[in-house]
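In the numbering used here, the protein residues as written are 33 to 326. Backbone N, C-alpha and C fix where the C-beta goes; we use that ideal spot for every residue, glycine too. What follows is a short report on a single structure.
As structure tokens, then:
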């Protein structure tokens with residue numbers, strides 16, 4: 033007797049830039065009866081950096097569980113944007129305000145025109161001076177490659193990332209990551225990964241160009257990372273002193289297979305202090321696939 037069942041997975045590119053590029057994520061609706069083991073199997077078969085599983089929630093509009101091919105993760109920016117773009121485009125959300133329940137609590141969602149935004153918490157900064165030499169080595173960089181007088185910092189707005197400021201797009205492009213060492217450091221510091229950035233961009237109205245490495249979660253490099261863009265926007269505001277409440281962040285330009293992405297980060301302020309971040313972008317449905325699980 034065959035007990036296998038087919039699960040429909042929608043594939044959306046989130047954080048597209050002028051309707052191109054973006055970061056693909058899987059979205060599975062009506063996932064209430066799937067176990068975590070099954071979700072992990074599906075995420076593995078889908079093979080994207082993250083897949084979101086949508087279930088009913090008693091405390092928010094939807095419950096979302098995020099899985100990489102190797103493990104569950106508390107939050108995922110591009111999979112959230114993919115999910116709520118799909119729910120909105122499918123007519124399953126009628127309001128501009130929505131919410132998601134995750135294993136780390138409830139977050140607000142804002143739908144505005146064809147963009148979806150997700151809430152992140154106020155930033156927490158942690159000094160990583162002791163690990164600086166190792167972090168630089170893991171990226172094939174030296175101290176002279178860094179943006180002058182700007183620290184490497186661990187920043188958390190829901191997930192932890194180490195932010196590494198380099199002084200040019202050329203240096204960013206030519207990074208040679210040592211994935212084993214990045215994974216080891218990420219384990220030690222309990223990171224999702226590294227977000228390396230420069231202030232050279234494709235347009236004067238944009239703020240940063242970035243690359244994200246998260247081998248600890250089975251992600252060599254990612255085209256758009258909403259959960260890292262929030263910390264970076266806070267870094268720009270608090271550490272670099274760029275006092276804007278909206279930051280435009282590019283990612284995916286220097287991947288082996290480039291997939292240009294644009295992430296918008298809006299800061300909520302109270303007396304000049306960041307109280308929360310809304311990170312957003314546009315998601316476009318690309319295809320759907322059927323995954324069979326036992």
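Can you tell me which of 77, 273, 238 puts its alpha carbon nearest to the alpha carbon of residue 40? 77
Cβ-Cβ separation, residue 98 to residue 107 (assumed contact under 8 Å), whole Å: 7 Å
May I ask you to verify whether the segment 226-236 touches the segment 73-87, counting CB pairs closer than 8 Å and requiring at least 3? no
What did DSSP end up calling residue 300 once you bin it into helix, strand or coil? strand
Spatial distance of residue 295 from residue 120 (CA atoms): Cα to Cα, residue 295 sits roughly 19 Å from residue 120.
Can you look up residue 201 in the DSSP assignment and give me helix, strand or coil? helix
Can you tell me the Cα-Cα spacing of residue 55 and residue 81, whole angstroms? 9 Å
At what residues does the alpha helix (DSSP H) containing residue 8 begin and finish? Since the displayed the chain opens at 33 and closes at 326, residue 8 lies outside it and no answer follows.
In the DSSP output, which residue or residues are listed as bridge partners for residue 278? 298, per the DSSP bridge assignment.
Report buried or exposed for residue 303, applying the criterion of at least 16 other Cβ atoms within 10 angstroms of its Cβ. exposed
Flag this pair as yes or no: are the beta carbons of residue 186 and residue 160 separated by less than 8 Å? The beta carbons of residue 186 and residue 160 sit closer together than 8 Å.
Check whether the Cβ atoms of residue 283 and residue 246 lie closer than 8 Å to each other. Going by beta carbons, residue 283 and residue 246 fall outside the 8 Å limit.
Under the three-state DSSP convention, the category residue 114 falls into: helix
DSSP on residue 269, reduced to helix/strand/coil? helix
Presumed contact (8 Å Cβ cut-off) between residue 57 and residue 44, rounded CB distance: Contact flag correct, Cβ pair sits at about 6 Å.
Use the C-beta contact count for residue 137: other C-beta atoms within 10 angstroms, 16 or more gives buried, fewer gives exposed. exposed
Would you decide whether residue 326 is buried or exposed? Buried here means 16 or more other CB atoms lie within 10 Å of its CB. exposed
Below 8 Å CB to CB, which residues in the same chain sit around residue 268 once its five sequence neighbours on both sides are set aside? 239, 240, 274, 276, 279
DSSP has residue 37 in a bridge; who is on the other side? 325
State the Cα-Cα distance for the pair residue 61 and residue 42, rounded to the nearest angstrom. Residue 61 and residue 42: Cα-Cα distance of roughly 9 Å.
Based on Cα-Cα distance, which residue from 260, 105, 209 lies nearest to residue 135? 105
First and last residue of the uninterrupted alpha helix (DSSP H) at residue 211: 211-221
Figure out for me which residue from 95, 225, 59 has the closest Cα to the Cα of residue 263. 225
Assign residue 64 to one of three DSSP states: helix, strand, or coil. coil
Have a look at residue 194 and residue 92 and give me their C-alpha separation to the nearest angstrom. Straight-line Cα distance between these residues: approximately 30 Å.
So, residue 53 versus residue 322, is the Cβ gap smaller than 8 Å? no
Can you give me the C-alpha to C-alpha distance between residue 208 and residue 200, rounded to a whole angstrom? 15 Å
Could you check which residue in 130, 223, 70 has the C-alpha nearest to that of residue 327? The structure shown does not extend to residue 327, since the chain is modelled only from 33 through 326, so no value can be given for it.
At the level of alpha carbons, what is the spacing between residue 48 and residue 242? 15 Å
How is the beta strand (DSSP E) around residue 309 delimited, first residue to last? 305-313
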